[in-house]
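J.: By the working numbering, the letter at position 34 of the sequence shown is numbered 26, and the numbering carries on one by one without gaps. Backbone N, C-alpha and C fix where the C-beta goes; we use that ideal spot for every residue, glycine too.
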Amino acid sequence: MNDCLFCKIVAGQIPAAKVYEDDLVLAFNDIHPAAPTHMLIIPKEHFPSLQDIPQGKLPVIASLFAAAQKLAETTGIAKTGYRTLINTGPDSGQVVFHVHLHLLGGRKLGKLG
Ligand code: AMP
Ligand code: ZN
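1. Among 80, 75, 95, which residue has its Cα nearest to the Cα of residue 103?
2. Could you check which residue in 82, 71, 53, 95 has the C-alpha nearest to that of residue 17?
3. If you measure between the beta carbons of residue 91 and residue 45, is that distance less than 8 Å?
4. Are the beta-carbon atoms belonging to residue 19 and residue 33 less than 8 Å from one another?
5. Is residue 91 near the ligand AMP, going by C-beta to nearest heavy atom under 7 Å?
6. Who are the near neighbours of residue 40 in its chain, counting only those whose CB is closer than 6 Å to its CB and skipping five residues on each side?
7. Can you tell which of 71, 86, 69 has its C-alpha closest to the C-alpha of residue 77?
8. Excluding five sequence neighbours on each side, which residues of the same chain lie with their C-beta closer than 8 Å to the C-beta of residue 71?
Below is the structure:
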């Protein structure tokens, strides 16, 4: 996708602190961390939001969560607990329109608003 920030990170055109990569997904540290551990896990293929993933491509969501499990283990937050979330559309506050799974942990997280 021409003007997508996260596609540019996938293509190596914009730097990111990468923490995990496989054929389908890439993970990197969030540039404005909201918790001691705050990573974003994205499909390498561009989908603007969860709503835009066609049924046949939904298995990529399982790949995002598989990466989240691995990263939770390697960072130690699997033991203390963590939150995963995907913002979708205006009311969620989604600002980057390339699907991403937030992985947050390392402190007691507040209730969701
Ligand atoms: P969302 O509100 O779910 O769309 O969240 C977008 C997230 O992307 C925010 O937490 C931002 O801090 C993060 N972000 C924006 N630009 C970058 C970047 N260049 N590298 C890493 N994270 C970024
Ligand atoms: Zn994209």
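T.: According to the structure data:
1. 75
2. 53
3. yes
4. yes
5. no
6. 89
7. 86
8. none
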